[in-house]
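S.K.: Got a structure here, written out as structure tokens. Questions coming.
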Amino acid sequence: MYSDKVMDHFANPRNVGVLPDADGVGQVGNPVCGDMMTFYIKVKDDRLADVKFQTFGCGAAIAVSSMVSEMAKGKTLGEAMAITNDLVAEELGGLPKNKMHCSNLGADALHEAIKNFHDKKAGRVPDAGGPADLHEHEGCACPYCDSSLEAEDKTFCRACLIEFEECPSCGGITKKGDAACLHCGKPLGGKD
Amino acid sequence: MKRVYLDHIAATPLHPEVLEAMRLCLADVTGNPQSLHAEGRRALDAVEAAREEVAGLVGAQSSEIYFVSSGTEANNFAVKGLALGQQARGRHVVVSAVEHSSVLNSVKALERQGFLATLVPVDRFGRVDPADVEKALTKETVLVSVMTANSEVGTVQPVAEVSAICRRRGVLVHTDAVAAAGSIPLDVKALGVDALSLAGDQFYGPKGSAALFVRKGVRILPLIDGGIQEGGRRGGTENVAGIVGLGRAARLARQEMEARTAALVTLRDRLLEELPGRVGHVVVTGSRTERLPYHASFCIEFVEGEAMLLSLDMKGVAVSSGSACTSKALKVSHVLLAMGLDHATAQGSLVFSLIDGTSAEDVDYLLDVFPPAIERLRGMSPLYTQYLKERGS
Numbered sequence: 043m044y045s046d047k048v049m050d051h052f053a054n055p056r057n058v059g060v061l062p063d064a065d066g067v068g069q070v071g072n073p074v075c076g077d078m079m080t081f082y083i084k085v086k087d088d089r090l091a092d093v094k095f096q097t098f099g100c101g102a103a104i105a106v107s108s109m110v111s112e113m114a115k116g117k118t119l120g121e122a123m124a125i126t127n128d129l130v131a132e133e134l135g136g137l138p139k140n141k142m143h144c145s146n147l148g149a150d151a152l153h154e155a156i157k158n159f160h161d162k163k164a165g166r167v168p169d170a171g172g173p174a175d176l177h178e179h180e181g182c183a184c185p186y187c188d189s190s191l192e193a194e195d196k197t198f199c200r201a202c203l204i205e206f207e208e209c210p211s212c213g214g215i216t217k218k219g220d221a222a223c224l225h226c227g228k229p230l231g232g233k234d
Numbered sequence: 013m014k015r016v017y018l019d020h021i022a023a024t025p026l027h028p029e030v031l032e033a034m035r036l037c038l039a040d041v042t043g044n045p046q047s048l049h050a051e052g053r054r055a056l057d058a059v060e061a062a063r064e065e066v067a068g069l070v071g072a073q074s075s076e077i078y079f080v081s082s083g084t085e086a087n088n089f090a091v092k093g094l095a096l097g098q099q100a101r102g103r104h105v106v107v108s109a110v111e112h113s114s115v116l117n118s119v120k121a122l123e124r125q126g127f128l129a130t131l132v133p134v135d136r137f138g139r140v141d142p143a144d145v146e147k148a149l150t151k152e153t154v155l156v157s158v159m160t161a162n163s164e165v166g167t168v169q170p171v172a173e174v175s176a177i178c179r180r181r182g183v184l185v186h187t188d189a190v191a192a193a194g195s196i197p198l199d200v201k202a203l204g205v206d207a208l209s210l211a212g213d214q215f216y217g218p219k220g221s222a223a224l225f226v227r228k229g230v231r232i233l234p235l236i237d238g239g240i241q242e243g244g245r246r247g248g249t250e251n252v253a254g255i256v257g258l259g260r261a262a263r264l265a266r267q268e269m270e271a272r273t274a275a276l277v278t279l280r281d282r283l284l285e286e287l288p289g290r291v292g293h294v295v296v297t298g299s300r301t302e303r304l305p306y307h308a309s310f311c312i313e314f315v316e317g318e319a320m321l322l323s324l325d326m327k328g329v330a331v332s333s334g335s336a337c338t339s340k341a342l343k344v345s346h347v348l349l350a351m352g353l354d355h356a357t358a359q360g361s362l363v364f365s366l367i368d369g370t371s372a373e374d375v376d377y378l379l380d381v382f383p384p385a386i387e388r389l390r391g392m393s394p395l396y397t398q399y400l401k402e403r404g405s
């Protein structure tokens, strides 16, 4: 089910840990959704001098976090922001279809950490130095109004009264009937 | 590498005698059981001998046993076949909230045909209260389905009490005994059920061979239309070798059940007692007393089930989990949620189901490799870090 590369990163994850003096922290997901990831970054001269992560989740989630950390380390912030979900999955030798959403979380958590770094530098958020305020990942929140969804029902938002459709490529949810996935842009509404 | 297989609930290994019986059958039995010639009669004899054995396992008459392809088919056959067979009397069914998906989805299929369904809740040990079943009955109710035992948490249900209530109200009762048959003594008369599902791969028989007991005189519609096989209630040429294997497994289960149970219960209780202390923050799921003899299940806090399953597999131990990530549908076990566990805890689900032959050394080995595997995963879990931080402050 998992590629050798995924199993290698699961068995020997790179860059696991916490950076107590991180310049940026990003956290996505929550245990209700199944996965939760926290990324810590140290930035020096616009480059990611160090990246560490912690993950609660399945084999794919741990492997994705490890791969993202490895891909990001040493890159400029701009380059790191360009790491996409597809690239992570590709580097891992592919992921099972129903685990593609894990690769979204990995890149998202890294990007959140970089945003957190920019925000801190601009004085937009207090320097809390920890994953205090959790970013609700859309896995359990409506991608349109951000209100949290019933854990067991990711098919309907009670606030917007819209039905969702799950993207077969990335696993993200988009309003039913829309032509393209809100997250990865791939066409929806196929016959499947 | 040493392998310790603790996934009874997924499938048991084939008993060597079952394998031998099937091998002989595959090699020697040429005919179709429906053929009138000697080769056909020989095949029919093999099938009917197996039917006797399966009937004997659950105290039924052989004419009340129908061979099918899986526990899932048996459950579909029972739920749909019995409900549709009685629909002139009413169109309401009652099932427990912790039934196998083959029962729950059969109920959904009935709902699409206009039936109404009521799900009966369970307590925190996963047990149905027969009084709740009684409350759920209406004048329209034609079928109640409550499983004999649950494979995810090992809890044995009060099926006889449920049946007694339903009998007074003239409602049919089906029990999914797939996780229980062959492992605990079952008697359809004592249980008072009208239908009972069992599957060979849960008691050292072959995969792809299962049976449904239907009490004589109860109307059931076929799921598979075809010829006159199985009294016209299940079409299709019989899986003769599979049926022979199921029959032999049933006979062996009857003969060996007591000895198997005695050995398994000791090891099960050791796991239930010792494993939580080895890593801390462990919840035992299911009932301590009303429990399958081979079953020990837990939720391990701060870690996710699939990651534990893979970690243990790397150490040679095969187990199951009810976490969302383990299921293809990415849904956390409906059984654990029905028992009132929160999502985060349910994500840490782990099921150790022992098989005949599991040794004390196997359990020692598991208890040795388990703590480092959990420590490694907790070491990278943000939930655990958060917990330690909160506890420290």
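Top line first, the protein sequences correspond to chains A and B.
Residue numbers for the first sequence follow our numbering, beginning at 43 and rising by one.
Residue numbers for the second sequence follow our numbering, beginning at 13 and rising by one.
Glycine included, C-beta positions come from ideal geometry on N, C-alpha and C.
Given this structure, state the Cα-to-Cα distance separating Phe382 of chain B from Ala129 of chain B, to the nearest angstrom.
M.R.: Near 42 Å, if we compare the C-alpha coordinates of Ala129 of chain B and Phe382 of chain B.
S.K.: Starting from the beta carbon of Ile156 of chain A, find every residue of chain B whose beta carbon is closer than 8 Å, and list them in chain order.
M.R.: The premise fails here: Ile156 of chain A is roughly 18 Å from chain B at the closest Cβ pair, so nothing lies under 8 Å.
S.K.: Residues of chain A with CB closer than 7 Å to the CB of Met326 of chain B, please, in chain order.
M.R.: Simply Ala53.
S.K.: Starting from Ser393 of chain B, find everything on chain A with Cβ-Cβ shorter than 8 Å and list it in chain order.
M.R.: Under the 8 Å cutoff, chain A gives Gln96, Thr97, Phe98.
S.K.: Roughly how far, in whole angstroms, is the beta-carbon of Thr24 of chain B from the beta-carbon of Gln96 of chain A, given that I think they are within contact range, below 8 Å?
M.R.: Not really, about 38 Å apart at Cβ, beyond 8 Å.
S.K.: If you pair each beta-carbon of the segment 246 to 257 of chain B with each one of the segment 63 to 80 of chain B, do three or more pairs fall below 8 Å?
M.R.: Cβ pair count under 8 Å is three or more, so yes.
S.K.: Do Ser167 of chain B and Ser361 of chain B have their C-beta atoms closer together than 8 Å?
M.R.: The question names Ser, yet the displayed sequence has Thr at residue 167 of chain B. Taking 8 Å as the Cβ cut-off, Thr167 of chain B and Ser361 of chain B do not qualify as a contacting pair.
S.K.: Anything in the segment 103 to 126 of chain A with a Cβ closer than 8 Å to a Cβ of chain B? List those residues in chain order, please.
M.R.: Answer in chain order: Ala103, Ile104.
S.K.: Under a Cβ-count criterion, where at least 16 other Cβ atoms within 10 Å of its own Cβ denotes burial, should Thr216 of chain A be classed as buried or exposed?
M.R.: Per the 10 Å Cβ criterion, buried.
S.K.: Say whether the segment 153 to 161 of chain B touches the segment 175 to 192 of chain B, bearing in mind that this needs 3 or more beta-carbon pairs closer than 8 Å, one atom from each stretch.
M.R.: Touching, per the Cβ criterion.
S.K.: Chain A beta carbons: is any one of them nearer than 8 Å to that of Thr273 of chain B?
M.R.: No, no contact with chain A.
S.K.: Please name the residue in B:Asn44, B:Leu208, B:Ser323, B:Val41 whose C-alpha comes closest to that of Leu69 of chain B.
M.R.: When each option's Cα is compared against that of Leu69 of chain B, the closest is B:Leu208.
S.K.: Tell me the DSSP secondary structure of Cys100 of chain A in three-state form.
M.R.: Looking at Cys100 of chain A - three-state DSSP - the assignment turns out to be coil, as it is neither helix nor strand.
S.K.: Taking only beta-carbon positions, decide if Ala129 of chain B is within less than 8 Å of chain A.
M.R.: No, Ala129 of chain B lies away from the interface with chain A (no Cβ there is under 8 Å from its Cβ).
S.K.: In angstroms with no decimal places, state the Cα-to-Cα distance between Ala176 of chain B and Leu131 of chain B.
M.R.: Taking the straight line joining both Cα atoms gives about 19 Å.
S.K.: When DSSP builds the beta bridges, which residues end up paired with Asn72 of chain A?
M.R.: Its beta-bridge partners are A:Asp77.
S.K.: Taking its Cβ as the centre, do 16 or more other Cβ atoms sit within 10 Å of Val16 of chain B, making it buried, or is it exposed?
M.R.: Buried, by the Cβ-count rule.
S.K.: By how many angstroms is the C-alpha of Leu224 of chain B removed from the C-alpha of Leu210 of chain B?
M.R.: Those two C-alpha atoms are separated by around 6 Å.
S.K.: DSSP puts Ala223 of chain B in a beta bridge; with which residues?
M.R.: According to DSSP, which records beta bridges pairwise, Ala223 of chain B is partnered with B:Phe79, B:Leu210.
S.K.: Measuring alpha carbon to alpha carbon, tell me which of B:Arg388, B:Gly212, B:Asp380, B:Gly404 ends up nearest Glu286 of chain B.
M.R.: The candidate whose alpha carbon is nearest that of Glu286 of chain B is B:Asp380.
S.K.: Mapping the DSSP letters down to three states, classify Gly102 of chain B as helix, strand or coil.
M.R.: Of the three classes helix, strand and coil, the one that applies to Gly102 of chain B here is coil, per DSSP.
S.K.: May I ask which residues mark the beginning and end of the beta strand (DSSP E) holding Ser365 of chain B?
M.R.: Counting along the chain, the beta strand (DSSP E) containing Ser365 of chain B begins and ends at 361 to 365.
S.K.: Taking just the CA atoms, how far does Leu264 of chain B sit from Asp368 of chain B?
M.R.: Cα to Cα, Asp368 of chain B sits roughly 12 Å from Leu264 of chain B.
S.K.: Thr278 of chain B lies in the alpha helix (DSSP H); which residues open and close that run?
M.R.: 252 to 291 is the extent of the alpha helix (DSSP H) around Thr278 of chain B.
S.K.: Going by other Cβ atoms of all chains shown within 10 Å of its Cβ, with 16 needed for buried, is Lys139 of chain A buried or exposed?
M.R.: The residue is exposed, with fewer than 16 neighbouring Cβ atoms inside 10 Å.
S.K.: Of all the options B:Ser47, B:Ala22, B:Ile21, which has the alpha carbon lying nearest to the alpha carbon of Gly239 of chain B?
M.R.: Taking only the C-alpha atoms, the option nearest Gly239 of chain B is B:Ser47.
S.K.: Nearest chain A C-beta to Thr397 of chain B closer than 8 Å, yes or no?
M.R.: So, interface residue.
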